[in-house]
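Protein sequence lines correspond, in order, to chains A and B. Just so we're aligned, residue 1 is where the first sequence starts under the working numbering, counting upward by one. Just so we're aligned, residue 1001 is where the second sequence starts under the working numbering, counting upward by one. From the three backbone atoms N, C-alpha and C, an ideal C-beta is built for every residue, glycine too. Computed from a predicted model, the values in this text were never measured in an experiment. Just below is one structure, and these are the notes that go with it.
There are 2 protein chains.
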Amino acid sequence: MLKNRQTIRRYANRPVDRALINRLLTEAERTQTMGNLQLYSVVLTEDPTQKEQLAPYHFNQPMVRQAPALLTFCADFHRVTRWCEEREADPGYDNFLSFLNAATDALLYCQTFCTLAEAEGLGLCYLGTTLYSPQDIIRILHLPRLVMPIATITLGWPDEQPAPTDRLPLSAILHEETYHSPTRADIDRDYKPKESLPENQEFLRINDKQTLAQIFTDLRYTRRDNEAISQTLLATLRQQGFLEKE
Amino acid sequence: MLKNRQTIRRYANRPVDRALINRLLTEAERTQTMGNLQLYSVVLTEDPTQKEQLAPYHFNQPMVRQAPALLTFCADFHRVTRWCEEREADPGYDNFLSFLNAATDALLYCQTFCTLAEAEGLGLCYLGTTLYSPQDIIRILHLPRLVMPIATITLGWPDEQPAPTDRLPLSAILHEETYHSPTRADIDRDYKPKESLPENQEFLRINDKQTLAQIFTDLRYTRRDNEAISQTLLATLRQQGFLEKE
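Shown next, in the form of structure tokens:
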């Protein structure tokens, strides 16, 4: 099953039963979590008006409007903080460690949910754009202090069957005992198969680039964008209470 | 299967076949990843000397020395940066967004690996301590610039069968369309079952505390520790090249 998994961006015109979503979200709660605090929450978007509001901040990717359901997974220390307030405990979770702990919980939970959903035959697409416009998503979803959106999933019944994309050989990823920085020969061995794929060759031609790596550095994930978004992200963490005000 | 999953801290005295670990790590590569860049790497620790070195930084939890294998999952932009350097591309990934993107990739990959390993009957424990002493782990595992350890898993064949621990009801986690901050009544509804568990009542008695929340705020995850570790984390991100030097 997993061997053939692929991101699904086109969905059948058929709702995803709420009982099914609830069952999968509940089962995914078995995922390990820090101190069993479950430092995450999920905002479910089914209302077309809400989808319309969110779409521009996910770069108007068509699946945001087309998918029957969107799930925004959030790092959440708000709920635990509220619990503490109601229980005469003094919470100290407005800091960067707490953000990373909650983001970890949210991402592990999200991935278990994805695995379960795909095992049911559902298709999904993970939207990395959530980190690009966090302040607008926070506004639209009414996220309070100590809640930070981390990942959005579009979910539906597949209406396409794309071929699995390539992956690096394990030699690129696995290090025994200590990390070994890849030599030029390692890079050639691990990346040449990817670089030789016809679709990647075509990318170079269309974009008038010499190497596949330049597609990433010059077009898809540029230094300029990365640095601007990094500033937004840090400002948003500050706004949400996860970084000290300097 | 997932319904009964539980963290395993005691392992049988029996190795985990390397071919099995490699197969599971390879299968887990199907996990979605940013731009298909696979911004993660894994350092496998089997050498007892290395386990001995790492143990203190995981608070000497016994499973670190006892488990046949430790896997440290890292956010990794070093490999992609090396690729760019070998391909006349100018990488711009020494920033906070790139760290979060790589940490996301690493955590999603880690969780798929965990699900696959548990489906094979393996047991594992997720060590959150990786974020507590990142600089020592970086030193012991020889992690270069743009690699940050994010999660460690101890892995082995189970030698215990603990009962599943409690989880919050879905009402605590799921928000429809917009986030709704929990009222006092919501907190009572969602947390009272946990607070009433005999083992949690016993915790209060042993530690002379009035509420379960105080166990977390006063003993397990204190403001003082959280704030100190936050500073270490930010300094380590700076050291590894993921935060601008101010």
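With its beta carbon at least 7 Å from every one in chain B, THR130 (chain A) lies outside the interface. Chain B has a Cβ within less than 7 Å of the Cβ of TYR126 (chain A). DSSP places SER1171 (chain B) within a helical segment (H, G or I) once states are collapsed to three.
If you ignore the 5 residues before and after ILE1008 (chain B), its C-beta comes within less than 7 Å of the C-beta of GLY1123, LEU1124, CYS1125, PRO1158, GLU1160, all in its own chain and listed in chain order. Residue pairing by DSSP places MET148 (chain A) opposite A:ALA75 in a beta bridge. Here the segment 1129-1138 of chain B makes no contact with the segment 1173-1188 of chain B; the two share fewer than three CB pairs at distances below 8 Å. Around GLY35 (chain A), the beta-carbon contacts reaching into chain B at under 7 Å are PHE1216, ARG1220, TYR1221.
Assignment of ALA69 (chain A) by DSSP, reduced to helix, strand and coil, places it in the strand class.
Residue-level contact check: SER133 (chain A) does not touch chain B, since none of the beta carbons of chain B fall below 7 Å from its beta carbon. Of all alpha-carbon atoms in A:LEU141, A:ASN226, A:LEU97, the one lying nearest the alpha-carbon of PHE73 (chain A) is that of A:LEU141. Of all alpha-carbon atoms in B:GLN1006, B:GLN1240, B:GLN1032, B:GLU1227, the one lying nearest the alpha-carbon of ALA1119 (chain B) is that of B:GLN1006. Under the DSSP assignment, SER1041 (chain B) falls in the beta strand (DSSP E) whose first and last residues are 1040-1045. Among the CB atoms of chain A, one or more fall inside 7 Å of the CB of ASP1047 (chain B).
Under DSSP, PRO1062 (chain B) forms no beta bridge with any residue.
Neighbours of GLY92 (chain A) in chain B, taken as residues whose beta carbon is under 8 Å from its own, are THR1217, TYR1221, THR1222, ARG1223, ARG1224, ASN1226, GLU1227 in chain order. Between LEU168 (chain A) and the set B:GLU1029, B:ARG1010, B:ARG1018, B:ARG1023, the nearest pair of CA atoms involves B:GLU1029. With a cutoff of 7 Å on beta-carbon distance, ALA89 (chain A) and GLN1201 (chain B) are scored as not near each other.
Of all C-beta pairs linking the segment 106-118 of chain A to the segment 6-26 of chain A, three or more are shorter than 8 Å, placing the two stretches in contact. In chain order, THR72, LEU141 place their CB closer than 6 Å to the CB of VAL43 (chain A), counting only its own chain and leaving out the 5 sequence neighbours on each side.
Under the DSSP definition of a beta bridge, LEU124 (chain A) partners with A:LEU155. For VAL1016 (chain B), the CB contacts under 8 Å within the same chain, skipping 5 residues up- and downstream, are PRO1068, ALA1069, LEU1122, LEU1155, GLY1156, TRP1157 in chain order.
As the crow flies, the alpha-carbon of PRO144 (chain A) is around 12 Å from that of SER41 (chain A).
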